[in-house]
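Since the structure comes first, as structure tokens, the remarks are kept for the end.
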Amino acid sequence: MSTNCIFCNIVQKKSPASIVYEDDKIIGFMSIQPINNGHTLVVPKKHYENIYEIPEEEISELYKIVKKITQAVKIAVGAEGIRIIQNNGKAAGQVIFHMHVHIIPMYSDSHWKHPKVRDVKILDQDAKKIHQAIS
Ligand SMILES: [Zn+2]
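For what it's worth, numbering that gives the first Met the number 0 labels the leading residue of the sequence shown as 0, then goes sequentially.
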């Protein structure tokens, strides 16, 4: 665990997040810089920097949860499509060096926008909707 890692801090509840899912190994929460409404991040609780570090068993567990949350996001925000992105390394656009999977709702009229900080109240509402849609 790294003390200056924002995702480790979220796991340890030292930093706030709009949580949509949590079990003993994995946590899912709303991105504070969403590309689109409902942009969710899924993170292993253990600190792995990237896909090269995470063990196979743990990544397969992680993606099971990614699937579950993706279905919930689709329902909760009415997404027409979902992009799943996982960046490894600065050159690939990785910004937080704690492995994470992006679940990004897409709409036929949407394109990539500059990330903007969202109102926490809206994120909390979205998180609640997504949480309720997880089966
Ligand atoms: Zn971390």
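For each residue, glycine too, the CB sits at the ideal point set by N, CA and C. Remember, predicted model here, so these are calculated numbers, not experimental data.
Bounds of the beta strand (DSSP E) holding V19 are I18 to E21. Closest option to I74, judged by alpha-carbon separation, among K13, S30 and I129: I129. For M29, the pairing in a beta bridge is given by DSSP as T39. F6 has its CB nearer than 7 angstroms to a heavy atom of ligand 1.
Apart from sequence neighbours up to five positions away, the residues of its chain that approach F6 with a beta-carbon distance below 7 angstroms are V42, I95, H97 and H99, ordered along the chain.
Around the beta-carbon of V65, 16 or more other beta-carbon atoms lie within 10 Å, marking it buried. In the three-state DSSP reduction, H99 falls in the coil class, being neither helix nor strand.
Ranking E48, P104, A78 and E55 by CA distance to the CA of G88 puts E48 first. By the beta-carbon neighbour count (other beta carbons within 10 angstroms, threshold 16), A90 is exposed.
The DSSP assignment places 55-76 as complete runs of the alpha helix (DSSP H) inside the region 44-112, in order along the chain (cut-off: 4 residues). Between ligand 1 and the CB of H99, the shortest heavy atom gap is not smaller than 7 angstroms. About 16 angstroms separates the CB atoms of A71 and M105; that is not less than 8 angstroms, and the two are not in contact. Across the structure, Q32 and G92 are spaced so that their CA atoms are roughly 14 angstroms apart.
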